[in-house]
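Peer 1: Top to bottom, those sequences are chains A and B. What the first sequence shows, in my numbering, is residues 6 to 430, in sequence order. What the second sequence shows, in my numbering, is residues 6 to 430, in sequence order. Backbone N, C-alpha and C fix where the C-beta goes; we use that ideal spot for every residue, glycine too. I have a structure I would like to understand better, so I am pasting it below and will then ask my questions one at a time.
There are 2 protein chains.
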Amino acid sequence: MTDINDIDKKRLADELPKLKDRFEAFKAEGLQLDMTRGKPCAEQLDLSMDLLECLGRDYRSESGLDCRNYGGVDGLPEAKRLFAEVLGVAADEVIVGGNSSLNLMHDAVARALSHGVPGGDGPWGAVEGVAFICPAPGYDRHFSVCRHFGVDMIAVPMTDAGPDMDRVEELVAGDAKVKGIWCVPKYSNPTGVVFSDEVVDRLANMKAAAADFRIMWDNAYAVHDLEDETVPLKNTLDACKAAGNPDRVLMFCSTSKVSFAGAGVGAMAGSVANMDWMRQHLSMQTIGPDKLNQLRHVRYFKDLAGIKAHMKKHAAIIGPKFEAVLRILGAELDGTGVGTWSRPKGGYFVSLDVVDGCAKAVVAKAADAGVKLTKAGATFPRGEDPNDANIRLAPSLPPLSDVEKAMELVAVCVKLVAAEKAGIA
Amino acid sequence: MTDINDIDKKRLADELPKLKDRFEAFKAEGLQLDMTRGKPCAEQLDLSMDLLECLGRDYRSESGLDCRNYGGVDGLPEAKRLFAEVLGVAADEVIVGGNSSLNLMHDAVARALSHGVPGGDGPWGAVEGVAFICPAPGYDRHFSVCRHFGVDMIAVPMTDAGPDMDRVEELVAGDAKVKGIWCVPKYSNPTGVVFSDEVVDRLANMKAAAADFRIMWDNAYAVHDLEDETVPLKNTLDACKAAGNPDRVLMFCSTSKVSFAGAGVGAMAGSVANMDWMRQHLSMQTIGPDKLNQLRHVRYFKDLAGIKAHMKKHAAIIGPKFEAVLRILGAELDGTGVGTWSRPKGGYFVSLDVVDGCAKAVVAKAADAGVKLTKAGATFPRGEDPNDANIRLAPSLPPLSDVEKAMELVAVCVKLVAAEKAGIA
């Protein structure tokens with residue numbers, strides 16, 4: 006939260022004529038830049054080009070299975086092993102699917118609603134007012150799934166260590182209608198927060214009024230470090246087991262931002278009871294996933310070490326774009342009081358909080374000069390940011406020079422809108 | 006239906022000692038043959054090996070789209086065009102998905118239940134006793150989807166021209182709880198029946214008590230001819246449009262038995278209203294399908310003519326297996342009265358009807374000698390064949406010599422079980 010009363014009005018007023026000129030100059034340039042989504046850029050996709058050819062004509066799995074044919078509803082054994090290593094679980098605690106972890110998450114929620122989950126007493130859809138906790142700002146597509154299925158969303162603030170656990174514990178203990186929580190535990194979308202060990206432990210141990218409460222653990226950025234050292238994340242399945250709640254968590258990840266965003270491999274993990282549940286449902290939906298693409302990924306990456314080495318190449322491409330965002334925000338906004346922002350060590354976003362009541366206006370103003378940002382409010386349930394303050398910046402896709410230009414414009418817009426709000430402009 | 010009173014008891018009694026010897030001889034061989042599912046054999050999969058390499062490093066669609074990246078929730082435009090040609094619809098009436106048409110069908114039913122369909126007045130799941138018509142014998146996985154979601158199944162007999170339309174019309178006109186019908190309209194699973202023009206027209210024109218009635222048109226064998234000439238199938242979307250019921254049909258198909266059974270491409274088609282409905286739901290579930298695999302298929306097959314040429318190669322491989330099945334059934338069973346069977350001009354199955362009350366015993370007896378057949382009853386809703394007569398034969402997977410051996414054993418079992426039933430043995 007950035008209050009209008011805390012801004013440096015004097016400095017803003019002095020800078021105002023220049024800001025107006027700069028904005029008009031940007032506008033005259035006729036920019037057309039897109040920073041709306043966390044899409045990898047072409048150079049990142051180029052890193053995995055050998056994936057396209059690594060299969061050759063050898064379609065057999067390590068056990069000799071013909072991956073061209075039907076079968077294997079929960080994925081190729083060696084693909085399960087690879088994702089088990091990524092998620093820190095056993096291979097029989099993994100299901101490897103198609104190209105989309107969102108698809109696995111959506112379907113898990115749909116199944117919980119239509120049939121219920123292990124340990125529950127029936128379909129969640131039969132519960133009047135079934136609700137999910139939505140740490141916010143968060144990932145818009147998680148919120149869309151809830152909205153789509155009529156699941157109530159209870160926003161809980163994000164802290165630097167994860168969701169506000171006092172509030173989460175209170176909600177989960179107090180109401181059996183609260184059946185789940187969405188989490189992006191590492192390099193969270195959009196805040197970049199990595200959940201602390203304490204948060205993981207509290208999630209695993211908290212009392213739940215609903216015996217079938219589930220943590221939707223979207224570890225989308227499990228290996229997506231921007232710096233040499235990763236930020237450690239406590240193993241939540243282990244924590245849940247230790248807490249005596251082994252079925253509490255469903256983990257998800259994918260190679261969408263490792264190999265190809267449109268043609269990667271998604272996976273989920275959890276207790277064997279949860280995986281058996283998912284397998285039973287999957288066997289109604291499909292004869293099996295695309296094993297050839299799973300085989301490609303195993304052949305190409307081999308193991309977690311292979312993935313980590315590959316991710317360093319990603320970091321070398323997008324790291325400078327993140328640095329540019331932080332450098333320009335710092336140079337333009339430090340000391341003005343018109344904004345605060347995250348300094349992520351991984352993931353795909355910088356989260357910018359502008360003066361309360363200004364986010365929509367900033368996004369509109371940037372669009373007016375040709376830079377598309379994620380819709381203001383998108384990072385909150387129902388698209389409603391109560392403070393109208395949060396803006397998600399996604400610098401991965403445009404070239405570095407475009408990111409620099411876009412961020413200068415964004416900074417100018419942030420200051421101009423704050424000045425208007427303060428009655429200076 | 007084959008009644009025990011109609012069999013040639015004299016001939017069976019004469020043959021009995023020999024049949025017993027033959028059965029014991031088969032048993033002594035220690036066979037291990039699997040004819041349970043319609044899986045392509047390795048030689049068929051070999052036909053598409055160039056598909057694995059046809060992409061090279063060229064990942065761009067014809068419009069220059071980077072197919073490695075996110076996007077395109079309803080499929081690659083050129084893939085939509087290809088499937089539009091296969092299904093005889095316009096490109097904007099097609100959605101191309103992942104590797105499984107069963108997945109698209111399952112999800113369509115799930116969405117109808119959770120949200121309803123265009124033209125309806127709410128979720129089908131809210132309708133007490135919601136039911137589907139299930140022409141039987143039919144495809145077990147269709148029936149599994151209904152069972153999974155608690156949709157009642159009303160079995161309707163198959164005739165040589167499609168489902169018994171008098172019965173279908175009566176059910177659909179009489180009860181708004183009847184929301185759908187499963188159809189495999191060409192080379193039906195397992196009967197091989199191709200729906201007649203009259204059946205297609207009656208399905209399109211029939212009065213439906215439910216305004217949101219849907220035909221689930223699983224055109225799984227659209228291009229899967231065994232003979233040079235295809236058996237024409239009337240275009241059901243055209244028929245539905247002409248009848249003023251443009252939203253009545255949802256069509257499905259895939260390349261599972263064209264390219265790779267585990268790594269093909271599935272598609273669905275229907276009115277733009279239906280496709281918009283599906284797109285809206287899909288956009289909650291995924292950012293998009295694997296466009297690289299769609300691109301592979303378009304590059305490799307090019308158009309319907311390319312697919313048809315390819316399918317002739319499939320027919321050359323599996324045609325002799327079907328001929329062997331028919332030849333052996335004819336030689337062994339003709340004139341005995343112990344069985345009747347289909348003579349399909351395409352598809353993947355031969356449907357064998359044995360003496361009423363004998364199918365389970367025949368399947369068990371064949372298994373006893375090492376030949377696994379599809380579970381008796383599987384071709385009926387809830388696995389319950391009221392006559393215990395139908396056996397699905399799937400000759401595509403085993404080598405020709407194994408098919409011959411398996412069919413001889415099956416014929417021996419059919420006769421032995423009939424003899425037991427008749428009190429001869």
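So D252(A) and N279(A) are supposed to be a Cβ contact under 8 Å. How far apart are they, rounded?
Peer 2: For the purposes of this step, residue 252(A) is taken as the residue at position 247 of the first sequence. For the purposes of this step, residue 279(A) is taken as the residue at position 274 of the first sequence. The Cβ separation is near 6 Å, so the contact holds.
Peer 1: Taking 7 Å as the cut-off, does the CB of Y64(B) come closer than this to any heavy atom belonging to the ligand NAP?
Peer 2: For the ligand NAP, the structure offers nothing, since it holds no ligand at all.
Peer 1: For L50(B), would you say it is in contact with chain A, using Cβ-to-Cβ distances shorter than 8 Å as the test?
Peer 2: Locating residue 50(B) in the second sequence gives position 45, where the first residue counts as 1. It does; some Cβ of chain A falls within 8 Å.
Peer 1: Near A181(B), which residues of its chain fall below 6 Å by C-beta distance, leaving aside the five closest residues on each side in sequence?
Peer 2: Reading the second sequence from its first residue, position 176 is the one you call residue 181(B). A214, A215.
Peer 1: Leaving out five residues before and five after V156(B) in sequence, what residues of the same chain have Cβ atoms less than 6 Å from its Cβ?
Peer 2: Position 151 of the second sequence, counted from the first residue, corresponds to residue 156(B). Contacts found: V135, F137.
Peer 1: I'd like the ranges of any alpha helix (DSSP H) spanning at least 4 consecutive residues and lying wholly in the region 352 to 410 of chain B.
Peer 2: Listed in chain order, they are 364 to 373.
Peer 1: Against H111(A), what residues of chain B qualify as contacts under a CB-to-CB distance less than 8 Å, listed in chain order?
Peer 2: One-based indexing of the first sequence puts residue 111(A) at position 106. Here the neighbours are M289, Q290, T291.
Peer 1: At what residues does the alpha helix (DSSP H) containing F154(A) begin and finish?
Peer 2: Reading the first sequence from its first residue, position 149 is the one you call residue 154(A). No alpha helix (DSSP H) holds F154(A); DSSP gives it neither H nor E.
Peer 1: Give the secondary structure of T241(A) by DSSP, where H, G and I count as helix, E and B as strand, and everything else as coil.
Peer 2: Sequence index remark: in the first sequence, residue 241(A) carries index 236 (1-based). Looking at T241(A) - three-state DSSP - the assignment turns out to be helix.
Peer 1: Got a sec: is the Cβ-Cβ distance from S401(A) to anything in chain B below 8 Å?
Peer 2: On the first sequence, position 396 is the one that residue 401(A) refers to. No - not a single Cβ of chain B is within 8 Å of the one on S401(A).
Peer 1: Could you tell me whether the Cβ of G76(B) comes closer than 8 Å to any Cβ of chain A?
Peer 2: Here residue 76(B) refers to the residue found at position 71 when the second sequence is read from its first residue. It does: the Cβ of G76(B) has a partner Cβ on chain A nearer than 8 Å.
Peer 1: Classify P403(A): buried if its beta carbon has 16 or more other beta carbons within 10 angstroms, exposed otherwise.
Peer 2: On the first sequence, residue 403(A) is found 398 positions in, with the first residue counted as 1. Buried is the call here.
Peer 1: Which residues in chain B have a C-beta closer than 9 Å to the C-beta of G267(A)? List them in chain order.
Peer 2: Working through the first sequence from its first residue, we reach residue 267(A) at position 262. In chain order: D71, C72, R73, N74, Y75, G76, G77, I292, G293, P294, D295, K296, L297.
Peer 1: Which stretch, first to last residue, makes up the alpha helix (DSSP H) that contains S106(B)?
Peer 2: Locating residue 106(B) in the second sequence gives position 101, where the first residue counts as 1. Residues 106 to 120.
Peer 1: Please decide whether N104(B) counts as near chain A, where near means a Cβ-Cβ distance under 8 Å.
Peer 2: In the second sequence, counting from the first residue as 1, residue 104(B) sits at position 99. It does; some Cβ of chain A falls within 8 Å.
Peer 1: Output needed for G271(B): all residues of its chain with C-beta closer than 6 Å, excluding positions within five of it in sequence on either side, in chain order.
Peer 2: Walking along the second sequence from the start, residue 271(B) turns up at place 266. Answer for G271(B): G102, S105, S106, L109, S259, listed in chain order.
Peer 1: Return helix, strand or coil for F200(B), following the three-state DSSP convention.
Peer 2: Looking up residue 200(B) in the second sequence gives position 195. F200(B): coil per DSSP, three-state reduction.
Peer 1: In whole angstroms, what separates the C-alpha of G77(B) from that of T345(B)?
Peer 2: Your numbering for residue 77(B) matches position 72 in the second sequence. Your numbering for residue 345(B) matches position 340 in the second sequence. About 49 Å.
Peer 1: DSSP on I333(B), reduced to helix/strand/coil?
Peer 2: On the second sequence, position 328 is the one that residue 333(B) refers to. If DSSP states are grouped into helix, strand and coil, I333(B) belongs with the helices.
Peer 1: Among the residues of its own chain, which have a CB less than 7 Å from the CB of N250(A), if the five just before and after it don't count?
Peer 2: As a position in the first sequence, residue 250(A) is number 245, starting the count at 1. A209.
Peer 1: Contact between the region 219 to 229 of chain B and the region 187 to 199 of chain B is defined here as three or more beta-carbon pairs at a separation below 8 Å; is this criterion met?
Peer 2: Yes, since at least three Cβ pairs between the region 219 to 229 of chain B and the region 187 to 199 of chain B fall closer than 8 Å, the two stretches touch.
Peer 1: Report the residues of the region 150 to 172 of chain B with a CB closer than 8 Å to any CB of chain A, ordered along the chain.
Peer 2: The residues in question are V150, H153, F154.
Peer 1: Closer than 8 Å between beta carbons: that is the criterion. Which residues of the region 37 to 67 of chain A meet it against chain B?
Peer 2: Listed in sequence order: R42, K44, P45, A47, L50, S53, M54, L57, E58, L60, G61, R62, Y64.
Peer 1: With a cut-off of 8 Å, does the C-beta of A115(A) fall near any C-beta of chain B?
Peer 2: Here the question's residue 115(A) lines up with position 110 in the first sequence. Yes, A115(A) lies at the interface with chain B (some Cβ there is under 8 Å from its Cβ).
Peer 1: Looking at the C-beta of S347(B), does it have a partner C-beta in chain A at a distance below 8 Å?
Peer 2: Taking the first residue of the second sequence as position 1, residue 347(B) is located at position 342. No, S347(B) does not count as interfacial toward chain A.
Peer 1: List the whole-angstrom C-beta distance separating L231(A) from F327(A), where the pair is believed to meet the contact cut-off of C-beta under 8 Å.
Peer 2: Position 226 of the first sequence, counted from the start, is the residue given in the question as residue 231(A). Position 322 of the first sequence, counted from the start, is the residue given in the question as residue 327(A). With 8 Å as the limit, L231(A) and F327(A) qualify as a contact, their Cβ atoms being about 6 Å apart.
Peer 1: Under 8 Å between C-beta atoms, does L398(A) make it to chain B?
Peer 2: Mapped onto the first sequence, residue 398(A) falls at position 393. Output row for L398(A): interface = no.
Peer 1: Tell me the residue span of the alpha helix (DSSP H) that contains G179(B).
Peer 2: On the second sequence, residue 179(B) is found 174 positions in, with the first residue counted as 1. G179(B) -> alpha helix (DSSP H) spans 170 to 179.
Peer 1: Among Y305(B), L176(B), F148(B), T196(B), which has the Cα closest to the Cα of D165(B)?
Peer 2: Locating residue 165(B) in the second sequence gives position 160, counting from the first residue. Cα-wise, what sits closest to D165(B) is T196(B).
Peer 1: Entirely within the region 251 to 311 of chain B and at least 3 residues each: give me those beta strand (DSSP E) ranges in chain order.
Peer 2: Listed in chain order, the complete beta strand (DSSP E) runs (minimum 3 residues) inside the region 251 to 311 of chain B are 254 to 259, 271 to 274.
Peer 1: Less than 8 Å between the CB atoms is what I'm expecting for L24(B) and A423(B), so what's the real figure, rounded?
Peer 2: Along the second sequence, one-based indexing puts residue 24(B) at 19. Along the second sequence, one-based indexing puts residue 423(B) at 418. 10 Å between Cβ atoms; not a contact.
Peer 1: For N108(B), decide whether its Cβ has a neighbour in chain A, counting only Cβ atoms nearer than 8 Å.
Peer 2: Indexing the second sequence from 1 puts residue 108(B) at position 103. So yes, N108(B) belongs to the interface.
Peer 1: Look up C418(B) in the DSSP assignment and say whether it is helix, strand or coil.
Peer 2: Your numbering for residue 418(B) matches position 413 in the second sequence. The answer is helix: DSSP assigns C418(B) an H, G or I state.
Peer 1: I think F28(B) touches V359(B), with their Cβ atoms under 8 Å apart; what is that distance to the nearest whole Å?
Peer 2: Walking along the second sequence from the start, residue 28(B) turns up at place 23. Walking along the second sequence from the start, residue 359(B) turns up at place 354. The Cβ separation is near 15 Å, so there is no contact.
Peer 1: Classify R219(A) as helix, strand or coil using the three-state DSSP reduction.
Peer 2: Indexing the first sequence from 1 puts residue 219(A) at position 214. Here R219(A) sits in strand by DSSP.
Peer 1: At the level of alpha carbons, what is the spacing between A321(B) and D71(B)?
Peer 2: By 1-based counting over the second sequence, the position of residue 321(B) is 316. By 1-based counting over the second sequence, the position of residue 71(B) is 66. Computed Cα separation, rounded: 37 Å.
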